[in-house]
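If you read the sequence shown in this note's numbering, its first letter stands for residue 46, the second for the next number, and so on. So the structure is just underneath, and the comments pick up after that.
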Amino acid sequence: MSHDEKTFEPLDVPVNPKDKEFCLSFDQKDVEGYKEFFDKYGFVVIRNVLTESEVDDTVDEIWNEAKPASRNDPNTWNSKYNWPGSDSIGIFGSSSCKGKFAIKNRIKPVMYEIYKNIIGRPDLWVSFDRFGVMKPTKQVTLADGTKRDFPEYKSKEKWLHWDMNPFKITDKELNVEQSDGGESEMTEKDFSEMFFICERNGVVGGYKRVQGLVALTDATEEDGGFLTIPGFTNNLQQWSKFHQTTQVGKEISKTADFIKVPEGDPMNKQAKKITVRSGSLLIWDSRQPHCNFSNNSDKFRMVQYIKMFPARNEKDVKYAEFVRLRREKMNGYIERLKSESGDPLHLDNLSRKLLGLDSWY
46 MSHDEKTFEP LDVPVNPKDK EFCLSFDQKD VEGYKEFFDK YGFVVIRNVL TESEVDDTVD
106 EIWNEAKPAS RNDPNTWNSK YNWPGSDSIG IFGSSSCKGK FAIKNRIKPV MYEIYKNIIG
166 RPDLWVSFDR FGVMKPTKQV TLADGTKRDF PEYKSKEKWL HWDMNPFKIT DKELNVEQSD
226 GGESEMTEKD FSEMFFICER NGVVGGYKRV QGLVALTDAT EEDGGFLTIP GFTNNLQQWS
286 KFHQTTQVGK EISKTADFIK VPEGDPMNKQ AKKITVRSGS LLIWDSRQPH CNFSNNSDKF
346 RMVQYIKMFP ARNEKDVKYA EFVRLRREKM NGYIERLKSE SGDPLHLDNL SRKLLGLDSW
406 Y
């Protein structure tokens, strides 16, 4: 059977019946509801995970990192004013966000509970990923009150991809031992910014692979946001098997952990925009091809990328040194924040385990 529009039809995105501009979302307490939706669609939105004040504090933190760019002067939102790179794909720089509020968002108990319910196990670590920022492009208000377009601020159009390798997936993926991903051989120099941003991307098997973001602004169909193919998770096996022997498959690396959907593949026309309210958590299955869609409005689209995954057990001699080195690096981040701000985080037992500072085992 070939892979074309006739063999796979993406699901329609359900909208919120009371707020049809946005995708259907779930209350934090509706565990069965959001788990069932996730299994069917490959993604889910849980609302009000961050409060309005938590969102505001996090946005302020982004602008503090953006200095000397000014929040009120669009002419400064560029490299001349040291605007962080990677904005062509809607990412805010190449470093993970390590400010007080970014860390507090990661370790918030409700964040943990949702990930625990979806992944299906309690012993989780949280990622140290980046902010995502997509700048306004249409009729943007300038410092003097006039308006103009900024086409140069528009991010890249469709670039559907996986942050994993679809050819590493097997029918028994969740029932086999979790692969090593090279972690058992890591040394101190390997714990780079990019390691923490991409942590666990190269690992398959043993658990449900997920990614996520928390919205710091409303994201309508015009504001830029998340693009995916609803329900494709349940079609990935067929797609991968079909392309094992095709020219498309031959041109795709079987070992890389970032794979772009081939040009000309029907799925490029099947992706749909997922609109979310500020404060919502959007989680997607890593088997979902996804990307950002461009901002065509006068508003910012801001998010914080947060994912969780199973911790490594230092009692396993294979990972003892890896856990020690990771813990040392993570503790350095926390101590640096305390030194720079003079404001300790007061980490509780759960927080320390999520960050990997204390053991789950």
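Every residue gets a Cβ at the ideal spot worked out from N, C-alpha and C, and that includes glycine.
Opposing strand residues paired with N61 [DSSP bridges]: D64
Per-residue DSSP class, three states only, for F176: strand
Between the CA atoms of K80 and E50 - distance to the nearest angstrom: Any reading at E50 needs caution, since the residue's pLDDT is 42, under 50, leaving its predicted position unreliable; the model's value is listed next. Cα to Cα, E50 sits roughly 27 Å from K80.
Bounding residues of the beta strand (DSSP E) (the contiguous stretch that carries P311): It is not in any beta strand (DSSP E) - P311 carries neither H nor E in the DSSP assignment.
Buried/exposed call for A188, threshold 16 Cβ in 10 Å: exposed
Rounded C-alpha distance that separates K74 from V155: 10 Å
Buried versus exposed, by CB contacts within 10 Å (16 or more), S200: buried
Inter-residue spacing [alpha-carbon to alpha-carbon] between F241 and T182: 31 Å
Endpoints, the beta strand (DSSP E) within which Y86 is located: Looking at the DSSP string, Y86 is not in any beta strand (DSSP E); the run it does join, the alpha helix (DSSP H), is V76 to Y86.
Nearest candidate by alpha-carbon position, reference V100, set D64, K145 and N340: K145
Cα-Cα separation, Y364 to L400: 16 Å
Identity of the residue in G226, Q315, Y160 and G78 nearest T52 by Cα: Q315
Cutoff 7 Å; reference N280; Cβ partners in own chain excluding five residues on either side: A distance below 7 Å between beta-carbons, with the five flanking residues on each side excluded, links N280 to the following residues of its chain, in chain order: F53.
Short Cβ contact (8 Å threshold) for V249 with K213: Annotated as proximal: V249 and K213, with beta-carbon spacing under 8 Å.
Residues that N337 bridges to, as DSSP identifies them: DSSP links N337 through a beta bridge to F271.
Cβ pair I274, Q333 closer than 8 Å: yes
Pair within 8 Å by beta-carbon distance, T320 and T265: yes
Rounded C-alpha distance that separates K295 from S285: 11 Å
Close-in-space but distant-in-sequence residues of the same chain around I379 (CB under 8 Å, 5 per side omitted): If the five residues before and after I379 are omitted, its C-beta is found closer than 8 Å to the C-beta atoms of I148, L390, L392, L400 and L402, all from its own chain and listed in chain order.
For Q256 and K352, believed in contact at Cβ under 8 Å, the rounded distance: Rounded to whole angstroms, the Cβ separation of K352 and Q256 is 5 Å, and the two are in contact under 8 Å.
C-alpha distance - V76 paired with G135, whole-angstrom precision: 31 Å
Pair within 8 Å by beta-carbon distance, A260 and S339: No.
Cβ neighbours of E40 in the same chain (closer than 7 Å, five flanking residues each side left out): This structure cannot settle anything about residue 40, because the visible part of the chain is limited to 46 through 406.
Supposed contact pair A356 and L169 - C-beta distance, whole angstroms, cut 8 Å: 6 Å
Sequence-distant residues of its chain with Cβ nearer than 6 Å to S172 (five each side left out): E244 and K352
Given V90 as reference, the closest of F71, D105 and D57 once Cα atoms are compared: From the listed residues F71, D105 and D57, the smallest Cα separation to V90 is found for F71.
Pairwise C-alpha distance: N246 and M209: 6 Å
Residue range of the alpha helix (DSSP H) that includes W284: L281 to F287
Separation of E106 from K234, as counted between CA atoms: 28 Å
Local conformation of A260 per DSSP, three classes: strand
Closest residue to I304 among W207, S124 and Y86 (Cα-Cα distance): W207
Alpha-carbon to alpha-carbon, L370 and S404: 13 Å
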